[in-house]
Amino acid sequence: MAYGVLIPKQIAAQNVDAWNRSAVCAGAIENGMIFSLLTKSATSGESEVWTALVPASSGSHLTDLWMAYDPELVYTSSYRGLDPDVRNFIVPATKIFSAFRPMLHDILLMSEDCFSGAWGGATNTHANATNSTWQLVWGTSQTGSVLSVAYLATSYISIGTGAIDTQRLTAYTVEVVGI
Amino acid sequence: MTVHGILLPEQIAAQNIDSYTRSAVSAASVDNGNIVMLTTYGVLAANKEVFTAVAPSTGNGLTGVWMVYEPELVWTGSYRGLDPDIRNFYTAAGKVFSIFHPQLHDIITLSTDAISGTIGANTFINATNTGGLQPEWASTIGSSVFAAKLLATKYLSIGTGAMDTQRVVAYQFEVVAL
Numbered sequence: 763m764a765y766g767v768l769i770p771k772q773i774a775a776q777n778v779d780a781w782n783r784s785a786v787c788a789g790a791i792e793n794g795m796i797f798s799l800l801t802k803s804a805t806s807g808e809s810e811v812w813t814a815l816v817p818a819s820s821g822s823h824l825t826d827l828w829m830a831y832d833p834e835l836v837y838t839s840s841y842r843g844l845d846p847d848v849r850n851f852i853v854p855a856t857k858i859f860s861a862f863r864p865m866l867h868d869i870l871l872m873s874e875d876c877f878s879g880a881w882g883g884a885t886n887t888h889a890n891a892t893n894s895t896w897q898l899v900w901g902t903s904q905t906g907s908v909l910s911v912a913y914l915a916t917s918y919i920s921i922g923t924g925a926i927d928t929q930r931l932t933a934y935t936v937e938v939v940g941i
Numbered sequence: 007m008t009v010h011g012i013l014l015p016e017q018i019a020a021q022n023i024d025s026y027t028r029s030a031v032s033a034a035s036v037d038n039g040n041i042v043m044l045t046t047y048g049v050l051a052a053n054k055e056v057f058t059a060v061a062p063s064t065g066n067g068l069t070g071v072w073m074v075y076e077p078e079l080v081w082t083g084s085y086r087g088l089d090p091d092i093r094n095f096y097t098a099a100g101k102v103f104s105i106f107h108p109q110l111h112d113i114i115t116l117s118t119d120a121i122s123g124t125i126g127a128n129t130f131i132n133a134t135n136t137g138g139l140q141p142e143w144a145s146t147i148g149s150s151v152f153a154a155k156l157l158a159t160k161y162l163s164i165g166t167g168a169m170d171t172q173r174v175v176a177y178q179f180e181v182v183a184l
């Protein structure tokens, strides 16, 4: 299975340390997934680690969301870095990973696997945070008062698979328009 | 000869946050300090990361503006940098230029020529439907528009290449609405 690939082209979190955190989740997390960080982990040794929770309508937790972006060192059992294909990268459950806070006007390049559903053409101009969904969901308009990105362009991410040839992933350039 | 606007970004968040800076191109020539709205992305075949800039208006939007700020290397024919008078600087139509996204509490100084209208008793500049690419003087902060509050009247000392120096009247503002 291919997991999401994220390239943060222009994000404010690259310059503002406060918009970066460490997180942990009860389930596996892909880069580009979104979640709320409401409480810190209760696990010993994780006093500075936040618990990632799925975006939820209840309590207005479709805003103030964070996004996973961890170095793509693929896990192969207990080892990391043996598999060069970043499409195989996922953070296993309970492993600590890095998260950043998307801000207005951030520009992201996200592979199609980062989204729930297919882009489906120019009618889907936005992708929005949706109840009980870890990924942004394509939609025909911006949903009010949720984390939302606007489609800018279709692009590609060139990746190495370890094979002789190279691979191009379909990806979408998006701008954060609602937080 | 047209005297163009001068912008001095005294304290702007975009100086520290890269994502508040972009490249744009416009069908009209632009001065530093002009405000623009961004429409399409990747419009230039040779440069896919350039946005198209248009003047703010009721139709294009009056919030979320970006501001032009390009190094003042004056064009003289096909050459740049021969003319030291930055009042002659503007970006020609179709040329790529730099923009930044003003943030609340940014402090900027604009020369008189960068603002539409006259100061009079006004203490604000707003993005308006009539100001075109320039923010326009107003007595109050506009409703749901980009706006900046006048802090002080001051001067910009510039070199013209002559023996003397020149002082340009300018106004210092704080961004109060995005």
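Here the protein sequences line up with chains A and B, keeping their order.
With our numbering applied, the first sequence covers 763 to 941.
With our numbering applied, the second sequence covers 7 to 184.
Even glycine gets a Cβ: it sits at the ideal position worked out from N, Cα and C.
Keep in mind the model is a prediction, meaning the values are calculated, not measured.
{"Check": "For residue 772/A and chain B, any beta-carbon pair shorter than 7 Å?", "Outcome": "yes"}
{"Check": "Straight-line CA distance for residue 856/A to residue 925/A?", "Outcome": "31 Å"}
{"Check": "Please confirm whether residue 89/B has its beta-carbon closer than 7 Å to some beta-carbon of chain A.", "Outcome": "no"}
{"Check": "Going by beta carbon distance, what residues of the same chain come within less than 7 Å of residue 902/A, once the five residues before and after it are set aside?", "Outcome": "885, 886, 887"}
{"Check": "Would you say residue 107/B reaches chain A, if we count a Cβ-Cβ gap shorter than 7 Å as a contact?", "Outcome": "yes"}
{"Check": "From residue 771/A to residue 127/B, what distance separates their C-alpha atoms?", "Outcome": "44 Å"}
{"Check": "Check whether the stretch 97-107 of chain B and the stretch 127-136 of chain B are in contact - that is, three or more C-beta pairs closer than 8 Å.", "Outcome": "no"}
{"Check": "Does the separation of the CB atoms of residue 832/A and residue 811/A fall below 7 Å?", "Outcome": "no"}
{"Check": "With respect to the beta strand (DSSP E) encompassing residue 152/B, which residues constitute its N-terminal and C-terminal limits?", "Outcome": "Neither: residue 152/B is in no beta strand (DSSP E) and is coded neither H nor E."}
{"Check": "Assign residue 92/B to one of three DSSP states: helix, strand, or coil.", "Outcome": "helix"}
{"Check": "Could you tell me which residues DSSP pairs with residue 938/A in its beta bridges?", "Outcome": "911/A"}
{"Check": "Taking CB distances under 7 Å as the criterion, tell me whether residue 47/B reaches chain A.", "Outcome": "yes"}
{"Check": "How is residue 778/A classed by DSSP in three states: helix, strand or coil?", "Outcome": "coil"}
{"Check": "Of all the options 132/B, 146/B, 179/B, which has the alpha carbon lying nearest to the alpha carbon of residue 157/B?", "Outcome": "179/B"}
{"Check": "Under 7 Å Cβ-Cβ, which residues of chain B neighbour residue 897/A?", "Outcome": "Near residue 897/A there are no residues of chain B at all, since even the closest Cβ is about 22 Å away, more than 7 Å."}
{"Check": "If we call anything under 7 Å between Cβ atoms a contact, is residue 18/B one with residue 777/A?", "Outcome": "no"}
{"Check": "Name the chain B residues whose beta carbon is nearer than 7 Å to that of residue 867/A?", "Outcome": "25, 26, 107"}
{"Check": "Do residue 878/A and residue 908/A have their CB atoms nearer than 7 Å?", "Outcome": "no"}
{"Check": "Take residue 835/A and list the residues in its own chain whose beta-carbon comes closer than 8 Å to its own, dropping the five residues that flank it on each side.", "Outcome": "842, 843, 851"}
{"Check": "For chain A, check one thing: does any of its Cβ atoms lie closer than 7 Å to the Cβ of residue 22/B?", "Outcome": "yes"}
{"Check": "For residue 937/A, collect the residues of the same chain with a Cβ closer than 6 Å to its Cβ; drop the 5 residues on either side in sequence, then sort them by chain order.", "Outcome": "869, 912, 914"}
{"Check": "Between residue 1016/A and chain B, is there a C-beta pair that is closer than 7 Å?", "Outcome": "Coverage of chain A is limited to positions 763 through 941, which leaves residue 1016/A absent and any answer about it impossible."}
{"Check": "For residue 73/B versus residue 41/B, is the C-beta spacing smaller than 7 Å?", "Outcome": "yes"}
{"Check": "Taking all protein chains shown into account, do 16 or more other C-beta atoms lie within 10 angstroms of the C-beta of residue 53/B, making it buried, or fewer, making it exposed?", "Outcome": "exposed"}
{"Check": "How would you label residue 151/B, buried or exposed, when you count the other beta carbons within 10 angstroms and need 16 or more for buried?", "Outcome": "buried"}
{"Check": "Compile a chain-ordered list of the residues in the stretch 871-899 of chain A whose CB is closer than 7 Å to at least one CB of chain B.", "Outcome": "none"}
{"Check": "For residue 785/A, decide whether its Cβ has a neighbour in chain B, counting only Cβ atoms nearer than 7 Å.", "Outcome": "no"}
{"Check": "Which of helix, strand or coil does DSSP assign to residue 71/B?", "Outcome": "coil"}
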